[in-house]
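Numbering (our numbering), first residue to last: 20 to 726.
Spelled out as structure tokens, the structure:
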């Protein structure tokens with residue numbers, strides 16, 4: 020380190036009072052005072068205005084030249100050198116006086132927090148103090164400088180740590196407010212719910228990964244066959260993969276009857292080899308000629324038709340490519356695994372339980388966490404879940420001699436729709452009709468919302484310019500192309516990178532404690548949610564207290580009678596899930612006679628072929644705001660109150676898991692969601708007919724059924 024730093028020796032001086040009395044007099048210090056310093060391949064000139072600035076700069080130089088720094092890791096060295104450079108650059112423009120000599124580090128902290136927008140713990144002051152401490156043992160630090168540095172450290176109090184801004188999948192999409200116009204206000208609001216979003220995300224990504232891996236397996240293509248399809252001699256690399264892609268399509272693709280009728284293998288080949296803007300023209304010619312060999316390798320505009328393949332590359336086949344690696348790592352992050360640990364995962368970290376016939380029953384990831392020194396277990400996944408299927412299929416595609424899941428893998432990817440970029444390739448695949456249909460099928464089978472798929476497609480189909488494309492345009496014009504300039508210049512801009520592993524992991528953690536409803540996402544108050552929590556959701560708010568305790572009151576008498584306490588946590592969680600999925604409607608498009616609509620015993624619309632309301636939102640619970648619906652709910656709540664003692668005694672699990680959440684959900688809708696005139700009409704109707712309504716829960720009580 021010191022060999023790269025030029026310095027000079029100043030002549031000695033005898034002024035013990037320099038620290039307190041004469042900071043602006045002619046001075047000369049004993050020891051090493053660097054004239055310029057080079058750290059992390061960057062050199063800055065140092066400008067000493069008085070004793071204090073020289074002492075501080077020299078102490079920092081001695082600290083980063085000490086044996087202490089050599090004992091640290093390369094990553095720690097880089098951070099220390101970076102913080103030192105930033106501080107020394109800032110110090111050149113400061114005037115240290117008797118009044119502010121001990122405030123210099125606090126002033127620097129204020130600068131980093133107020134001007135640069137950092138958290139106090141990220142200001143670098145703690146790093147600087149550590150460097151200064153390690154410089155105090157140096158023989159090159161004179162007594163006056165040592166006294167000054169010692170008092171500076173002692174009198175500098177670092178500000179308290181502030182909560183860091185948690186980045187999530189929701190925050191990624193919320194950084195693009197223009198997305199509301201693309202996907203609609205209702206879908207945009209759903210992005211705020213971690214539970215809905217992470218479930219939708221994990222199923223969508225797992226479906227995409229499984230589509231790729233299963234299609235590759237079913238193709239039965241041998242790597243030697245792919246190598247034989249490579250042209251023997253070509254003029255250049257572009258001509259080589261133009262002919263190679265043409266050979267792959269003609270050998271393994273199936274001629275479509277029409278543009279929208281492609282089998283999965285043909286679709287995957289085209290997604291890997293054909294850019295989106297050239298797809299329609301190519302398929303038109305293929306359908307017209309009936310043979311892809313007759314199609315020119317150039318478009319009408321004279322552009323090369325194909326791009327270099329990745330999934331069907333002969334050098335990578337049949338092992339996972341960067342596309343599959345990213346998709347698999349995102350699934351692992353959705354299981355709440357730390358990003359640093361994901362990159363270290365090995366084949367033997369996956370515990371797959373099988374039955375006697377070798378069929379997988381469950382999957383769990385058990386891995387060693389180096390920082391905490393313990394083994395961590397991911398949630399246990401049923402092998403029937405799409406996430407488990409995708410992970411098992413991925414493991415089966417890893418080379419037998421390679422134990423690591425993500426060898427030479429870079430987790431972050433730029434948000435670029437460039438044909439050759441990883442994100443551009445992934446977005447092409449997810450937007451594919453075949454893949455989209457497969458994702459929606461899996462979402463529907465799990466009763467999950469398509470909120471992520473809607474947001475992703477809305478984002479990728481927008482015609483806005485990404486940073487990658489904008490910066491290339493700026494470079495060609497010789498203009499500034501920094502990220503900050505992009506954000507200032509382009510009002511409707513994209514994030515620079517796609518969702519990172521930390522975003523996904525944080526959302527997965529939040530999803531386990533999600534308590535939001537769609538209606539809560541619209542802030543009708545003048546204050547923010549923090550003020551709501553601190554100042555409004557208190558014991559003085561009796562409405563909140565009453566709402567918070569309805570379930571408890573429902574079983575309060577039974578606690579006294581039976582010394583029984585139900586599992587309220589599960590009941591509350593199930594209630595919130597029901598409320599979250601509920602959508603109240605006043606009418607249905609295309610149906611004028613609402614009396615012909617079937618409503619079940621708990622007030623939900625039954626499936627009806629006349630309207631397909633679950634097509635884009637499979638998990639939605641559609642409730643019609645009508646007197647008939649509310650009458651059904653009144654009756655259910657009344658029967659739950661009447662039969663609660665018997666249900667607790669004979670069918671406890673059914674009471675906890677079904678009756679309690681359903682009754683709470685109904686009461687919430689009646690109090691907060693339905694129109695007042697519907698409630699009044701339903702109340703009068705119910706009072707007239709309740710004696711004639713059938714009793715509920717008789718079958719469960721007689722059979723002791725538990726769900």
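For each residue, glycine too, the CB sits at the ideal point set by N, CA and C.
Check your understanding: Among all the DSSP beta bridges, which residues are the ones paired with residue 379?
Key -> In the DSSP output, where bridge partners are listed per residue, residue 379 has 373.
Review point. Closest by CA to residue 329, which one among 645, 602, 289?
Key: 289
Check your understanding: Do residue 224 and residue 350 have their CB atoms nearer than 8 angstroms?
Key -> yes
Practice item. Could you name the residues of the same chain whose beta carbon sits closer than 7 angstroms to that of residue 484, not counting the 5 residues immediately before and after it, in chain order? Key: 509
Check your understanding: Should residue 690 be labelled buried (16 or more other beta-carbon atoms within 10 Å of its own) or exposed?
Key -> exposed
Check your understanding: Given residue 130, which residues of its chain have a CB within under 7 angstroms of its CB, disregarding the five upstream and five downstream residues?
Key -> 109
Review point. Which class does residue 130 belong to by DSSP, given the choice of helix, strand or coil?
Key: helix
**Study point:** residue 96, enclosing beta strand (DSSP E) - first and last residue
**Key:** Where residue 96 is concerned, there is no enclosing beta strand (DSSP E), although the alpha helix (DSSP H) it sits in stretches over 93-110.
Review point. Sorted by chain position, which residues of the same chain lie with C-beta nearer than 8 angstroms to residue 514's C-beta, five sequence neighbours on each side aside?
Key: 191, 194, 195, 434
Check your understanding: Ordered along the chain, which non-local residues of its own chain (more than five positions away) have a Cβ less than 6 angstroms from that of residue 285?
Key -> Residues 272, 273 of the same chain have their beta carbon placed closer than 6 angstroms to that of residue 285, with the five preceding and five following residues left out of the count.
Exercise for review: Please report how far the alpha carbon of residue 163 lies from the alpha carbon of residue 211, in whole angstroms.
Suggested key: Cα to Cα, the separation comes out at about 58 angstroms.
Practice item. Starting from residue 428, trace the beta strand (DSSP E) both ways and give me its first and last residue. Key: The continuous stretches of beta strand (DSSP E) do not include residue 428, and DSSP gives it neither H nor E.
Exercise for review: Give me the Cα-Cα distance between residue 682 and residue 657, rounded to the nearest whole angstrom.
Suggested key: For residue 682 and residue 657, the gap between their C-alpha atoms comes out near 9 angstroms.
Practice item. Using a threshold of 8 angstroms, state whether the C-beta atoms of residue 216 and residue 188 are closer than that. Key: yes
Review point. Near residue 717, what residues of its chain come up, given a Cβ to Cβ distance below 6 angstroms and the 5 sequence neighbours on each side ignored?
Key: Nothing listed; no residue qualifies.
Check your understanding: Are residue 347 and residue 404 closer than 8 angstroms when you measure CB to CB?
Key -> no
Practice item. Any chance you could list the beta strand (DSSP E) runs of at least 3 consecutive residues sitting entirely within the region 632-662, in chain order? Key: 640-643
Check your understanding: Taking just the CA atoms, how far does residue 277 sit from residue 299?
Key -> 11 angstroms
Exercise for review: Quick one: residues in its chain with C-beta nearer than 6 angstroms to the C-beta of residue 74, no 5 flanking neighbours on either side, listed in chain order?
Suggested key: 164, 167
Exercise for review: Tell me, please, which residues DSSP counts as bridged to residue 395.
Suggested key: 386
Exercise for review: Report the option in 302, 305, 84 whose CA atom is closest to the CA atom of residue 158.
Suggested key: 84
Exercise for review: Please confirm whether residue 249 and residue 381 have their CB atoms less than 8 angstroms apart.
Suggested key: no
Review point. Can you find at least 3 beta carbon pairs, one from the region 123-141 and one from the region 170-178, that sit closer than 8 angstroms?
Key: In short, these stretches touch, since the Cβ pair count reaches three.
Check your understanding: Does the distance from the CB of residue 593 to the CB of residue 676 come in under 8 angstroms?
Key -> yes
Check your understanding: Three or more beta-carbon pairs under 8 angstroms between the region 142-159 and the region 77-94, yes or no?
Key -> yes
Point to revise | Run of the beta strand (DSSP E) containing residue 285, from where it starts to where it stops | key: Counting along the chain, residue 285 falls outside any beta strand (DSSP E), though it belongs to the alpha helix (DSSP H) covering 283-292.
Practice item. Label residue 642 either buried or exposed according to how many other C-beta atoms from any shown protein chain fall within 10 Å of its C-beta, with 16 as the threshold for buried. Key: That one is buried.
Point to revise | Stretch-stretch touch, CB-based, cutoff 8 angstroms, three pairs: the region 452-461 with the region 371-385 | key: These segments do not touch.
**Study point:** Euclidean distance between Cα positions of residue 246 and residue 145
**Key:** It is roughly 57 angstroms from the alpha-carbon of residue 246 to the alpha-carbon of residue 145.
Check your understanding: Which residues in the same chain have their Cβ closer than 7 angstroms to the Cβ of residue 72, if we skip the five residues on either side of it in sequence?
Key -> Spatial neighbours of residue 72 in its own chain (CB-CB distance under 7 angstroms, excluding positions within 5 residues in sequence) are listed in chain order as 110, 115.
Point to revise | Spatial distance of residue 352 from residue 359 (CA atoms) | key: 10 angstroms
Practice item. Determine the burial state of residue 418: buried for a count of at least 16 other Cβ atoms within 10 Å of its Cβ, exposed for fewer. Key: exposed
Point to revise | Cβ-based neighbour list, residue 486, same chain, cut-off 6 angstroms, excluding 5 preceding and 5 following | key: If we look at residue 486 and ignore the five residues flanking it on each side, its Cβ neighbours are 505, 515.
Point to revise | C-alpha gap between residue 517 and residue 112, whole angstroms | key: 38 angstroms
Point to revise | Among 666, 669, 653, nearest to residue 708 - alpha-carbon criterion | key: 653
Practice item. For residue 500, collect the residues of the same chain with a Cβ closer than 7 angstroms to its Cβ; drop the 5 residues on either side in sequence, then sort them by chain order. Key: 490, 493, 494
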